[in-house]
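Take a look at the structure below.
Numbering (the working numbering), first residue to last: 8 to 345.
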């Protein structure tokens, strides 16, 4: 920080431009008053620079409310009493609206389908979203009782199965694209010096297993489904469907399990195991197309675990977390593979 600026606890970090360490980093944190702030850091080791304005998100300066997320130069979320305001570039906003409209139409009236957040108003670079009541899956993982976690897993499994069956016409995301995402993150982590020593080898092993596995017919997927995207109220709501795509049926399944691995490694092992038990039970009950292909799920889950380590290497991982996530999937535990 610069002299005279209030202290900030930085909690999330991204490369400012992938593949270009010289461009520095983008950071998000909270100040002493609990307010979310954005910053940037260059490659010279100079203090982090607070960013109070965002030229790529000009509408942010005119929104009244509490900023709850701000990735400088890319997106921000502001909470108001009756809505959330999501700001992004015009292109990203159009994409989000298009994906949401396509999914909403395909999911309408389908039994067990997830809800999507209602759009109250859309502008060129702004979406105003209706708040949704419920408990986040992340909160349950952090302290929920195991019976509630099993129920949450079963409900989430039903919603993912309905999504996979809805027939929405979305852009394709294949194995090559999934491999490219992991490769980019691993390369960035190495370039910025944050990568654990075992990451490159583990990623290579995971990608080789992915190449050897056989993909299933593409179905609609969330594509970024993890515990932070699932809200459990009177219905199950999926957040942030901006990257929804046609992909392998195992993609959402594997990504959810990999994030449960992360929750377990952070100390919430009983809750993670209970959610996973509910997920597998629900996927079997409702006939999710990936439920009968554990080898394919394991291959994509290993890719997701490596990506999680690469992403979180910029933010700091508790001791032993990277080693646990980079170990081979499929150990003694019949649910999560420990």
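Glycine included, each C-beta is placed from N, C-alpha and C at the ideal position.
Residue state for residue 233 is assigned as coil, using DSSP reduced to three classes.
In this structure, residue 243 and residue 122 form a Cβ contact; the two beta carbons are roughly 7 Å apart against a cut-off of 8 Å. With a 10 Å radius around the Cβ and a threshold of 16 neighbouring Cβ atoms, residue 132 comes out buried.
With respect to the C-alpha of residue 187, the residue from 313, 44 and 260 having the closest C-alpha is 313. Selection 240, 151 and 15 evaluated against residue 41 yields 15 as nearest (Cα-Cα).
Leaving aside the five residues that flank residue 86 on each side, the residues in its chain whose CB is nearer than 7 Å to its CB run, in chain order, 72, 73 and 75. Selection 55, 62 and 83 evaluated against residue 43 yields 83 as nearest (Cα-Cα). With contact defined as three or more Cβ pairs closer than 8 Å, the region 297-317 and the region 207-218 are in contact. When Cβ pairs closer than 8 Å are counted between the two stretches, the region 264-277 is seen to touch the region 148-165, the count reaching three or more. By the neighbour-count criterion, in which a residue is buried when 16 or more other Cβ atoms sit within 10 angstroms of its Cβ, residue 259 is buried. Distance from the CA of residue 103 to the CA of residue 222, rounded to the nearest whole angstrom, comes to 27 Å.
For the 7 Å CB-CB criterion, residue 164 and residue 117 do not form a contact. Across the set 183, 189, 305 and 176, the C-alpha of 189 shows the shortest separation from the C-alpha of residue 25.
DSSP places residue 17 inside the beta strand (DSSP E), whose first and last residues are 15-22. The Cβ neighbour count for residue 283, taken over all protein chains shown within 10 Å, is at least 16; the residue is labelled buried. In the DSSP assignment, residue 227 falls within the beta strand (DSSP E) that extends over 226-228. Taking a contact to require three or more Cβ pairs closer than 8 Å, the region 165-185 and the region 199-208 do not qualify as touching. Taken atom to atom, the span from the alpha-carbon of residue 254 to that of residue 144 is near 23 Å. Residue 248 and residue 334 have their C-alpha atoms spaced approximately 30 Å apart. CA-CA distance, residue 20 to residue 208, rounds to 24 Å. Taking the Cα positions, residue 67 is about 11 Å away from residue 79.
Residue burial annotation: residue 227 is buried, with at least 16 other C-beta atoms found within 10 angstroms of its C-beta. Runs of the alpha helix (DSSP H) spanning 4 or more residues and lying entirely within the region 86-141 occur at 97-114, in chain order. Within the same chain, Cβ atoms closer than 6 Å to the Cβ of residue 291 are found at 298, the five residues on either side in sequence being excluded.
Boundaries of the beta strand (DSSP E) around residue 76: 73-78. Take residue 120, set aside five residues on each side of it, and the residues of its chain with a beta-carbon closer than 8 Å to its own are 114, 166, 169, 170 and 173, in chain order.
Going by DSSP, residue 208 is part of the alpha helix (DSSP H) stretching over 206-219. In this chain, the alpha helix (DSSP H) harbouring residue 183 covers 182-198. Taking a 10 Å sphere around the C-beta of residue 240, we find fewer than 16 other C-beta atoms and assign the residue as exposed. Cβ-Cβ separation between residue 138 and residue 90: approximately 7 Å, consistent with a contact (criterion under 8 Å).
Straight-line measurement puts the Cα of residue 130 at about 45 Å from the Cα of residue 327. Between residue 126 and residue 110, the alpha-carbon positions lie close to 13 Å from each other. Look at residue 268 here: in three-state DSSP terms it is helix. For residue 158, the secondary structure class from DSSP, reduced to helix, strand or coil, is helix.
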